[in-house]
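So the structure is just underneath, and the comments pick up after that.
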Amino acid sequence: MLNIERLGFFAHWVDGQRRLCQFRAYSGAGPLDYYSHSLANILVGNSLGSPSMECFGGDISIRFSKTCLIAITGNYSELYVDKQRVEHGHVFLLKEGQCLSLGVSNLYQPCYIAFGSEIDLPVRFNSVEQVMREQGHRYQKIGAGCSYNLGPIAQSLSSTQLADINNIVLPIDYAKLMSKVHKPTKRLKVALSYQAAQIDDVQKSRFLASVYRVTNAIDRMGVRLDEGAAIKCDKTLTSQGTALGAVQITGSGQPIVLRNERQTIGGYPIIGCVSQTSLNLLAYAKPGNEVFFELTTIEESRAHWLCQHRRLQTLSKQIRKVFNIKGEHK
Amino acid sequence: MTTTRFTQYNAYKLNERVYIQWLNERAILLSLSDDCQKELSKHQQNKFVQAYFDALMSAKPSWLIDLVPSYNTLLIEFDALEVDHYFVVDEVRHIDVNQADTHAHQVVHRIPVCFDLQHENYPNDLASVQQHLNITNARFKTTYLKSEYRVFTVGFMPNFAYLGHLPTKLNMPRLSTPRTNVPAGAVAIADDQTAIYPADSPGGWHILGYTPINLLTNQQYQFSMGQSVCFYEINAAEFMRLKALEEQEC
Numbered sequence: 000m001l002n003i004e005r006l007g008f009f010a011h012w013v014d015g016q017r018r019l020c021q022f023r024a025y026s027g028a029g030p031l032d033y034y035s036h037s038l039a040n041i042l043v044g045n046s047l048g049s050p051s052m053e054c055f056g057g058d059i060s061i062r063f064s065k066t067c068l069i070a071i072t073g074n075y076s077e078l079y080v081d082k083q084r085v086e087h088g089h090v091f092l093l094k095e096g097q098c099l100s101l102g103v104s105n106l107y108q109p110c111y112i113a114f115g116s117e118i119d120l121p122v123r124f125n126s127v128e129q130v131m132r133e134q135g136h137r138y139q140k141i142g143a144g145c146s147y148n149l150g151p152i153a154q155s156l157s158s159t160q161l162a163d164i165n166n167i168v169l170p171i172d173y174a175k176l177m178s179k180v181h182k183p184t185k186r187l188k189v190a191l192s193y194q195a196a197q198i199d200d201v202q203k204s205r206f207l208a209s210v211y212r213v214t215n216a217i218d219r220m221g222v223r224l225d226e227g228a229a230i231k232c233d234k235t236l237t238s239q240g241t242a243l244g245a246v247q248i249t250g251s252g253q254p255i256v257l258r259n260e261r262q263t264i265g266g267y268p269i270i271g272c273v274s275q276t277s278l279n280l281l282a283y284a285k286p287g288n289e290v291f292f293e294l295t296t297i298e299e300s301r302a303h304w305l306c307q308h309r310r311l312q313t314l315s316k317q318i319r320k321v322f323n324i325k326g327e328h329k
Numbered sequence: 000m001t002t003t004r005f006t007q008y009n010a011y012k013l014n015e016r017v018y019i020q021w022l023n024e025r026a027i028l029l030s031l032s033d034d035c036q037k038e039l040s041k042h043q044q045n046k047f048v049q050a051y052f053d054a055l056m057s058a059k060p061s062w063l064i065d066l067v068p069s070y071n072t073l074l075i076e077f078d079a080l081e082v083d084h085y086f087v088v089d090e091v092r093h094i095d096v097n098q099a100d101t102h103a104h105q106v107v108h109r110i111p112v113c114f115d116l117q118h119e120n121y122p123n124d125l126a127s128v129q130q131h132l133n134i135t136n137a138r139f140k141t142t143y144l145k146s147e148y149r150v151f152t153v154g155f156m157p158n159f160a161y162l163g164h165l166p167t168k169l170n171m172p173r174l175s176t177p178r179t180n181v182p183a184g185a186v187a188i189a190d191d192q193t194a195i196y197p198a199d200s201p202g203g204w205h206i207l208g209y210t211p212i213n214l215l216t217n218q219q220y221q222f223s224m225g226q227s228v229c230f231y232e233i234n235a236a237e238f239m240r241l242k243a244l245e246e247q248e249c
């Protein structure tokens, strides 16, 4: 069993696996930083679509009633096992009865905890994810006192094998991503699409030249920005489907970057979409941060994203060798 | 692939009626051309989009992650590790909309609505709507209840169906100041549409009455594009009886 003793500000299960639900106005959901979520799963020998716990803010304390391999990625500060401080690493073997404690310093910046064991969770739309605003009173919150059944440990590791995993060099781009997490200015790559052609070139230039500020209105639905150039789009729209990362121009002319729990359709014009790799960085935005947009193409965004995925696959192969697991996973 | 790039970013003309726009690494938007929108009524445009939606839902290819149909567009989200947008555009190009079977969606939901609940928990704008439209209570109800409304799309929140179109004489602009809370079950109108709020939420539509059906949990009333909805009137006693039944079954 996995027993939650303390769980900070907010935590929930993510797996990025929701399918065929948006036409019924259920959001696509998924982790804010897909890369860190994927990496945590790879580090414990899971497939990318396995659940991890996305945690925001505060102190987290989890006790294990059976041995379990865990990996932690994203933004966290101190880490303790049974009140003994451990050096920052990523993969740990928690033995029966041990307690993992970590601090997540900021309630806007997530960390991801993956478990090297099957976890018994209800599934809907092919996914374990729940979205609070969709469920109302039926939402099953994770919090202190919750317990989850763990399957048999998927991978049994010696300390040598554990050291091998922790010593495998993480992808360079992950180190780069984490180094940018705390920088107050974030550069987001955006590809023009949707109604960009109806926005004149002067306004597009102003949009790309502006430095916007992240407001307090930031959550898993979107990141609202202000203090930059107000964009005007005269095109009247009927509602259209909203893609992940869409930069919607609100009535005030200030942009909002739509995230994983966005509404599925919207009637405001959209100037383009932030690339997936930039969305992983945006996951760590907090109020007061500055954001500016840099133009890219969708082909380039796709190429970067596929490269990143290829690096994850390479890492996965190395780790699965340590685990002695055969076969590819996506 | 016969495609013509034209004045939208990353957009390709698929045929005389449809163009496709690549939105990000894993989503494309199918839209109707300006000429097509002028030629077809809103109902026809929606049926046209529904044909593509139905074809993809029927085939459920392994690369399909999700679909978001709207009034006259269809967002297609695909697995970018399996296929690219060229592949998806080619698949969409081969869909024969004339063969599409829309009969599966000819479901008509009959929704009971009570116009007469007198309680502060059930705010109601019916009187002010009738005054604005200069229409009697009886005439309003007859006109509203005799129509069968099409589900154009489901959005805003789960099972919130945008239903249209209202008879012209019942069209109302949205509230200038939206309510901070519209109770679940509210049957409302705005512009040329009507809708039912499945859950409590802020809202700018005019409330006409309430349905006792719990649209979040009652599986018999899950709306989908292309279905139809008609309303019938019930009194307050019947509303309370049906609501109690719904709550038991929850």
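Residue numbers (numbering that gives the first Met the number 0), protein chains in the order written: chain A, 0 to 329; chain B, 0 to 249. We treat Cβ as the ideally placed atom computed from N, Cα and C, and that holds for glycine. Quantities reported herein were computed from a predicted structural model and do not represent experimental measurements.
On the three-state DSSP scale, how would you describe B/Val91? As a working note, residue 91 of chain B is residue 92 in the second sequence. DSSP places B/Val91 in helix when its eight states are reduced to three.
Nearest CA to the CA of A/Glu4: which residue from A/Leu99, A/Ala70, A/Val90? Indexing the first sequence from 1 puts residue 4 of chain A at position 5. Of the candidates A/Leu99, A/Ala70, A/Val90, the residue whose Cα lies closest to the Cα of A/Glu4 is A/Leu99.
CB of A/Ser209 within 8 Å of CB of A/Asn2, strictly: Taking the first residue of the first sequence as position 1, residue 209 of chain A is located at position 210. Taking the first residue of the first sequence as position 1, residue 2 of chain A is located at position 3. Contact flag unset, no.
Quick check for students: name the residue ranges of the alpha helix (DSSP H) that lie wholly in the stretch 105-169 of chain A, counting only runs of 4 or more. Segments of the alpha helix (DSSP H) lying fully in the stretch 105-169 of chain A: 131-134, 158-166.
By the three-class DSSP mapping on this structure, what secondary structure does A/Gly265 have? As a position in the first sequence, residue 265 of chain A is number 266, starting the count at 1. Three-state DSSP puts A/Gly265 in a strand.
Compile a chain-ordered list of the residues in the stretch 35-64 of chain B whose CB is closer than 8 Å to at least one CB of chain C. The structure shown contains no chain C; its protein chains are A and B.
In this structure, how does DSSP classify B/Val83 when only helix, strand and coil are distinguished? As a working note, residue 83 of chain B is residue 84 in the second sequence. The displayed chain sequence assigns Asp, not Val, to residue 83 of chain B. Correct three-state label for B/Asp83: coil.
Taking DSSP as the reference, what is the three-state secondary structure of A/Gln16? Along the first sequence, one-based indexing puts residue 16 of chain A at 17. A/Gln16: coil per DSSP, three-state reduction.
With a threshold of 8 Å on Cβ separation, who are the neighbours of A/Lys330 within its own chain once the five nearest residues in sequence on each side are excluded? In the structure as shown, chain A starts at 0 and stops at 329, and residue 330 of chain A therefore has no counterpart that could be examined.
Given this structure, state the Cα-to-Cα distance separating B/Val186 from B/Pro197, to the nearest angstrom. Looking up residue 186 of chain B in the second sequence gives position 187. Looking up residue 197 of chain B in the second sequence gives position 198. Straight-line measurement puts the Cα of B/Pro197 at about 10 Å from the Cα of B/Val186.
A/Lys175 in three-state terms, based on DSSP: One-based indexing of the first sequence puts residue 175 of chain A at position 176. Looking at A/Lys175 - three-state DSSP - the assignment turns out to be helix.
Determine whether the Cβ of A/Ile248 lies closer than 8 Å to any Cβ atom of chain B. Residue mapping note: residue 248 of chain A aligns to position 249 of the first sequence, counting from 1. It does not; no Cβ of chain B falls within 8 Å.
Status (buried if at least 16 other CB within 10 Å, exposed otherwise) for A/Met0: Translated into the one-based positions of the first sequence, residue 0 of chain A becomes position 1. The residue in question, A/Met0, is exposed, as its Cβ has fewer than 16 Cβ neighbours within 10 Å.
If you measure between the beta carbons of A/Val43 and A/Ala10, is that distance less than 8 Å? The residue you call residue 43 of chain A lines up with position 44 of the first sequence. The residue you call residue 10 of chain A lines up with position 11 of the first sequence. Going by beta carbons, A/Val43 and A/Ala10 fall outside the 8 Å limit.
Locate the alpha helix (DSSP H) running through B/Met224, then write down its first and last residues. Against the second sequence, residue 224 of chain B aligns to sequence position 225. No alpha helix (DSSP H) holds B/Met224; DSSP gives it neither H nor E.
Report yes if the C-beta distance between A/Ile230 and A/Ile248 is below 8 Å; otherwise report no. On the first sequence, position 231 is the one that residue 230 of chain A refers to. On the first sequence, position 249 is the one that residue 248 of chain A refers to. Yes, the pair counts as a contact, with Cβ atoms nearer than the cut-off.
Check whether the Cβ of B/Phe155 lies closer than 8 Å to any Cβ atom in chain A. The sequence position of residue 155 of chain B within the second sequence is 156, counting from 1. Under the Cβ criterion of 8 Å, B/Phe155 is counted among the residues facing chain A.
Out of B/Gly225, B/Asn170, B/Pro166, B/Tyr148, point me to the one whose CA is closest to B/Ile195's CA. Residue numbering aside, residue 195 of chain B sits at position 196 when the second sequence is read from its first letter. In this structure, B/Tyr148 is the residue among B/Gly225, B/Asn170, B/Pro166, B/Tyr148 with its C-alpha nearest to the C-alpha of B/Ile195.
Name, please, each residue of chain B whose Cβ falls closer than 8 Å to the Cβ of A/Cys232. Mapped onto the first sequence, residue 232 of chain A falls at position 233. Within 8 Å of the CB of A/Cys232, no CB atom of chain B is found; the nearest one sits about 13 Å away.
CB B/Phe114 to CB B/Lys145, shorter than 8 Å? For the purposes of this step, residue 114 of chain B is taken as the residue at position 115 of the second sequence. For the purposes of this step, residue 145 of chain B is taken as the residue at position 146 of the second sequence. The Cβ-Cβ distance between B/Phe114 and B/Lys145 does not fall below 8 Å.
Given a limit of 7 Å on CB to CB distance, which residues of the stretch 188-206 of chain A reach chain B? If the cut-off is 7 Å between Cβ atoms, the stretch 188-206 of chain A has Ala190, Leu191, Ser192, Tyr193, Ala195, Ala196 near chain B.
Interface residues of chain B around A/Trp12 at Cβ under 7 Å? Within the first sequence, numbered from 1, the residue matching residue 12 of chain A stands at position 13. What A/Trp12 touches in chain B: nothing, since even the nearest Cβ is about 19 Å away.
Just checking, does the stretch 20-35 of chain B make contact with the stretch 82-92 of chain B on the three C-beta pairs under 8 Å criterion? Yes: at least three Cβ pairs fall under 8 Å.
Between the CA atoms of B/Leu74 and A/Ile270 - distance to the nearest angstrom: Sequence index remark: in the first sequence, residue 270 of chain A carries index 271 (1-based). Sequence index remark: in the second sequence, residue 74 of chain B carries index 75 (1-based). Taking the straight line from one Cα to the other gives about 16 Å.
For A/Cys306, count neighbouring Cβ atoms within 10 angstroms of its own Cβ and tell me buried if that reaches 16, exposed if not. Position 307 of the first sequence, counted from the start, is the residue given in the question as residue 306 of chain A. Around the beta carbon of A/Cys306, fewer than 16 other beta carbons sit within 10 angstroms, so the residue counts as exposed.
Starting from the Cα of A/Val80, find the closest Cα among A/Pro50, A/Phe91, A/Thr72, A/Asn259 and give me that residue. Counting from one through the first sequence, the residue named residue 80 of chain A turns up at place 81. Out of A/Pro50, A/Phe91, A/Thr72, A/Asn259, A/Phe91 has the C-alpha closest to the C-alpha of A/Val80.
Pick helix, strand or coil for B/Gln247, following the three-state DSSP scheme. As a position in the second sequence, residue 247 of chain B is number 248, starting the count at 1. In the three-state reduction of the DSSP assignment, B/Gln247 falls in the helix class.
Start-end ranges of the beta strand (DSSP E) lying completely within the stretch 16-104 of chain A, minimum 3 residues: Entirely contained in the stretch 16-104 of chain A, the beta strand (DSSP E) runs reaching 3 residues are, in chain order, 51-55, 57-63, 67-73, 78-80, 90-93, 98-103.
Supposed close pair B/Glu232, B/Val107 - CB separation, criterion 8 Å: Start at 1 with the first residue of the second sequence, and residue 232 of chain B comes out as number 233. Start at 1 with the first residue of the second sequence, and residue 107 of chain B comes out as number 108. Wrong, their Cβ atoms sit about 17 Å apart, outside the cutoff.
Alpha carbons only, please: which of A/Arg23, A/Asn74, A/Asn279 is nearest the one belonging to A/Lys188? Along the first sequence, read from residue 1 onward, the residue named residue 188 of chain A stands at position 189. Of the candidates A/Arg23, A/Asn74, A/Asn279, the one whose C-alpha sits nearest the C-alpha of A/Lys188 is A/Asn279.
Is any beta-carbon of chain A found at less than 8 Å from that of B/Ser69? The residue you call residue 69 of chain B lines up with position 70 of the second sequence. Output row for B/Ser69: interface = yes.
May I ask you to list the residues that DSSP assigns as paired with B/Ile27? For the purposes of this step, residue 27 of chain B is taken as the residue at position 28 of the second sequence. Beta-bridge pairing by DSSP links B/Ile27 to B/Trp21, B/Ile75.
Where does A/Thr295 fall in DSSP's three states? Taking the first sequence and counting its residues from 1, one reaches residue 295 of chain A at position 296. Secondary structure of A/Thr295 (DSSP, three-state): strand.
Cα-Cα separation, B/Leu162 to A/Gln239: By 1-based counting over the second sequence, the position of residue 162 of chain B is 163. By 1-based counting over the first sequence, the position of residue 239 of chain A is 240. Taking the straight line joining both Cα atoms gives about 16 Å.
Using a Cβ-Cβ cut-off of 6 Å (strictly less than) and excluding sequence neighbours within five positions of A/Ser37, which residues of its own chain qualify? Locating residue 37 of chain A in the first sequence gives position 38, counting from the first residue. Closer than 6 Å at Cβ, skipping near neighbours: Leu47, Leu311.
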